[in-house]
Every structure is written in C-alpha cells, then in structure tokens.
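Protein chains in written order, with this note's numbering: chain A, 1 to 111; chain B, 112 to 226. To start, the structure itself, in structure tokens.
Shown next as structure tokens:
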C-alpha cells in the first residue's frame, strides 16, 4: 500500500462546477497535510495546508481533513479553465520534515 | 523576490556519465530538500539539509547519488555513472525554518534525460 493515494484521474468538470479531489494516507502519525497544484512542466505550488480536523476555506478552495478516516479532500468551487492542472496531495509526519506525495489527480476544466 | 532557482533546466547525459545539478534556495532559508519526480508520479523525497548538515539521506536510491550544501546555501546533487532509470525531473525545495509545519517552496526543476 502506498503511503499517500489519490483518486485516479483525469477529472473533467465543466466551467463553474465543483471539482472534488480525494486523498487517503496510511500513516496515522501524519500531522500536516498539503495540496499542491502543478501545471504541466512547472514546479508544484502550495495552494492549501491543513493541520486539524474539519474544513479550511481559502477563496474558491476548501480543504477537508478527517484524521480518524485518514482522509483529506480538496474542493474547487466555480472551477475555471485556469484551474486545469495536476493536484498533488502531500502529508508530513509530526517528527519528520519530508513530504510524502500522492501520484496526483489531473483536472481539466471544460469551457 | 527571487524564488528557488535550479540549473541547468534541462540535461541530457549519455549512460555512464556523471552529472551535477545545482539548487539556489531562497536567501536565508534554513531547510533544503531534493525530490525526484518521474513522469506521471508525485515527487519522491531524496535528501534533506538543515543549513550545511545533511540530516536525512534515506531517499537517495543508490550510492551513485550524492548531495552537498557546504556553506548552508547553494546545494548540488551529483549523480555518478548515470543510468536510464535516473531519467526524471529533480526538484529542489527550500523552507525558511526547520520546523515541520513550514511551507516548502519548489524550484522549477531540472529535467534529466539519460540516453
């Protein structure tokens, strides 16, 4: 079992719709959770971080964390063509510095 | 301000050649990370520096991989006797402090192709 797993894509959504991305992790010692956006040929860019159970909203993005279920999700509201990218879920243990990434989910927003 | 920079952006090597990849972190950042990203995969951790000290090299895939950060700023990842399986994008990231909740800022990466 991989440490971080994401729902396989690609995910295609119409412009203005909600894109829902899921991520599960295997290590219960994970304490920090991140969503990165990566455009094709570019470096990962942090868009959300979440550390405690519940929801965290930032603009059109909402991250949801459920540590009991070892599950973290990202919702993108009012999806725009510029949101078309690969979204990487990353987790970090409390006593560690490195990020463990999922394979990513590619999102395509249709105009 | 300037972000993380890496050079070269692209490198083509013949199998068996040695390569050196450079990372210039954001000025003053204490932590520096190297990751390897294969096509269609997420980045995989290689090694971590706190200032000049290499605190974790558990992700280096073989003893052909070597990294250094002698003055606590610029870092070099060296791969000796490159193999085709080394073809990937090598990402460098830096973080301002040593704490575990600090954001990691990624550079543009070096795409290595081994023929």
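Every residue gets a Cβ at the ideal spot worked out from N, C-alpha and C, and that includes glycine. Since the model is a prediction, treat every value here as computed from it, not as a measurement.
- Residue nearest to residue 139/B in terms of C-alpha spacing, selected from 156/B, 146/B, 163/B, 118/B: Within the second chain, the letter at position 28 stands for residue 139/B. Cα-wise, what sits closest to residue 139/B is 163/B.
- Helix, strand or coil for residue 3/A per DSSP? Here residue 3/A corresponds to residue number 3 of the first chain, with the count starting at 1. Here residue 3/A sits in coil by DSSP.
- Using beta-carbon positions only, say whether residue 153/B and residue 59/A come within less than 7 Å of one another. Locating residue 153/B in the second chain gives position 42, where the first residue counts as 1. Locating residue 59/A in the first chain gives position 59, where the first residue counts as 1. It is not a contact, given that the beta carbons lie outside the stated cut-off.
- Message: Distance check for residue 78/A and residue 85/A, CA to CA, integer angstroms please.
- Response: By one-based count along the first chain, residue 85/A stands at place 85. By one-based count along the first chain, residue 78/A stands at place 78. In a straight line, the C-alpha of residue 85/A is about 15 Å away from that of residue 78/A.
- Message: At the level of alpha carbons, what is the spacing between residue 81/A and residue 108/A?
- Response: For this step, residue 81/A is matched to residue 81 along the first chain. For this step, residue 108/A is matched to residue 108 along the first chain. Each residue's alpha carbon lies about 7 Å from the other.
- On a CA-only basis, which of 177/B, 222/B, 143/B is nearest residue 114/B? Give me that one, please. On the second chain, position 3 is the one that residue 114/B refers to. Residue 114/B has its Cα closest to that of 143/B, out of 177/B, 222/B, 143/B.
- Nearest to residue 23/A by alpha carbon, out of 67/A, 83/A, 94/A? Position 23 of the first chain, counted from the first residue, corresponds to residue 23/A. Minimum Cα distance to residue 23/A is reached at 67/A.
- Query: Going along the chain, which residues of the stretch 155 to 181 of chain B sit with their C-beta nearer than 7 Å to a C-beta in chain A?
  - Reply: Those residues of the stretch 155 to 181 of chain B placed with their C-beta closer than 7 Å to a C-beta in chain A are 156, 159, 167, ordered along the chain.
- Query: residue 164/B lies in the beta strand (DSSP E); which residues open and close that run?
  - Reply: The count along the second chain starts at 1 and reaches residue 164/B at position 53. Start and end: 164 to 167.
- Message: For a cutoff of 7 Å on Cβ pairs, would you count residue 136/B as touching chain A?
- Response: In the second chain, residue 136/B corresponds to position 25, counting from 1. By this cut-off, residue 136/B is not an interface position.
- Return helix, strand or coil for residue 129/B, following the three-state DSSP convention. Residue 129/B sits at position 18 when you count from the first residue of the second chain. DSSP places residue 129/B in coil when its eight states are reduced to three.
- Using a Cβ-Cβ cut-off of 7 Å, state whether residue 196/B counts as contacting chain A. Working through the second chain from its first residue, we reach residue 196/B at position 85. Residue 196/B does not count as touching chain A.
- Query: How about residue 94/A and residue 31/A: do their beta carbons lie closer than 7 Å?
  - Reply: Taking the first residue of the first chain as 1, we reach residue 94/A at position 94. Taking the first residue of the first chain as 1, we reach residue 31/A at position 31. A contact, by the Cβ cut-off of 7 Å.
- Excluding five sequence neighbours on each side, which residues of the same chain lie with their C-beta closer than 7 Å to the C-beta of residue 119/B? Working through the second chain from its first residue, we reach residue 119/B at position 8. For residue 119/B, where only same-chain residues beyond five positions count, the Cβ hits under 7 Å are 221.
- Task: For residue 101/A, go through chain B and note every residue whose CB falls closer than 7 Å to its CB, in chain order.
- Result: Taking the first chain and counting its residues from 1, the one referred to as residue 101/A is at position 101. Per Cβ cutoff of 7 Å: 153, 154.
- Item | Cβ-based contacts, 7 Å cut-off: residues of the stretch 206 to 221 of chain B near chain A | Taken in chain order, the members of the stretch 206 to 221 of chain B whose beta-carbon sits within less than 7 Å of a beta-carbon on chain A are 211, 212, 214, 215, 217, 218, 219, 220.
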